[in-house]
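Undergrad: This is the structure I have questions about; it appears just below.
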Amino acid sequence: MIRQAQADDFKGIARVHVDCIHTGYQAILPTDTIEKFTYSSREQRWENDLPKTISGGTMNFVAVDEQGKIIGFALGGTMRDPRLRIAYTGEIYGIYIHPNAQGKGIGKQLFKAVTEHLLSLHHTSIALWNFKEHHSCNFFKHLDGKEVYEKSTVIGGKELLECAYGWEFAKKENVLN
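If you count the sequence shown from 1, you need to add 66 to reach this note's numbering.
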């Protein structure tokens with residue numbers, strides 16, 4: 067089930083975030099960067115930041131399993147990157163699915179929830195950033211995302227290539243039909 071996040075979801079979101087970073091980014095991010103992602107540090111950050119991501123133009127959605135446990139989350143809002151802002155007004159800030167729940171269509175449902183929220187705010191052009199080496203690039207291509215921009219970034223002394231995927235929607239009905 068997909069629902070809007072609530073302020074008390076911070077522990078579940080933190081768990082998914084940390085587990086995704088530790089399993090999905092080992093070959094991409096430096097080890098010391100990954101080690102900074104701990105449950106306690108992410109819980110503290112999400113407890114502080116979550117209230118800002120569940121109202122107004124920014125929205126955070128969670129996927130929960132049958133027991134009500136958070137197994138994924140996604141958030142989006144207004145485009146932050148000036149390089150993309152000319153062509154894309156909405157941004158998906160992140161989609162994370164717990165490693166044990168990947169490959170079950172949850173990411174697609176979260177993508178749809180965030181996209182529909184952004185479309186309700188009249189963002190008909192939406193983009194997101196992703197590390198070029200990350201396996202989720204195939205997921206975004208599968209969702210008809212077009213690679214629209216690349217940039218180099220340095221994290222923990224390691225140079226990484228990021229790519230932006232973009233979508234343009236004429237109207238709300240076009241989302242993942």
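Where a beta carbon is used, it is the ideal one built from N, C-alpha and C, also for glycine.
(1) Short of 7 Å in beta carbon distance, which residues of its chain neighbour E225, apart from the five on each side in sequence? Order them along the chain.
(2) Alpha carbon to alpha carbon, how far is H88 from L227? Give it in angstroms, no decimals.
(3) At 4 residues or longer, and completely inside the stretch 178-235: list those alpha helix (DSSP H) runs for me, N to C.
(4) Rounding to the nearest angstrom, what Cα-Cα distance links G232 and R151 in this structure?
(5) Could you check the C-alpha separation between E213 and Q110 for me, to the nearest Å?
(6) Excluding five sequence neighbours on each side, which residues of the same chain lie with their C-beta closer than 6 Å to the C-beta of A179?
(7) What residue from V82, M145, G160 and K198 has the CA that sits closest to D131's CA?
(8) Using DSSP with H/G/I as helix, E/B as strand and the rest coil, what is Y154?
(9) Would you call the stretch 131-140 and the stretch 69-79 in contact, with 3 or more CB pairs under 8 Å?
(10) Quick one: what's got a C-beta closer than 7 Å to L184's C-beta in the same chain, skipping five residues either side?
(11) Specify, as a first and last residue, the run of the beta strand (DSSP E) that Q110 falls within.
(12) Give the straight-line distance between the Cα atoms of F235 and T190, rounded to the nearest whole angstrom.
(13) Look up L176 in the DSSP assignment and give the residues it is bridged to.
(14) In the DSSP output, which residue or residues are listed as bridge partners for M125?
TA: Well, looking at it:
(1) These residues qualify, in order along the chain: S218.
(2) In this structure, the straight-line span from the alpha carbon of L227 to that of H88 is close to 19 Å.
(3) The qualifying runs are 202-208.
(4) For G232 and R151, the distance between alpha carbons rounds to 11 Å.
(5) In this structure, the alpha-carbon of E213 lies about 34 Å from that of Q110.
(6) Hits under 6 Å: I68 and F127.
(7) Nearest to D131 by alpha-carbon distance, out of V82, M145, G160 and K198, is V82.
(8) Three-state result, Y154: coil.
(9) In short, these stretches touch, since the Cβ pair count reaches three.
(10) Counting only Cβ-Cβ distances below 7 Å, and skipping sequence neighbours, we find G142, G156 and I192.
(11) For Q110, no beta strand (DSSP E) segment is defined; the enclosing uninterrupted segment is the alpha helix (DSSP H) at Y105 to D115.
(12) T190 has its alpha-carbon roughly 5 Å from the corresponding atom of F235.
(13) Note: L176 sits in no beta bridge, so no partner.
(14) Bridge pairing for M125: I120 and G142 [DSSP].
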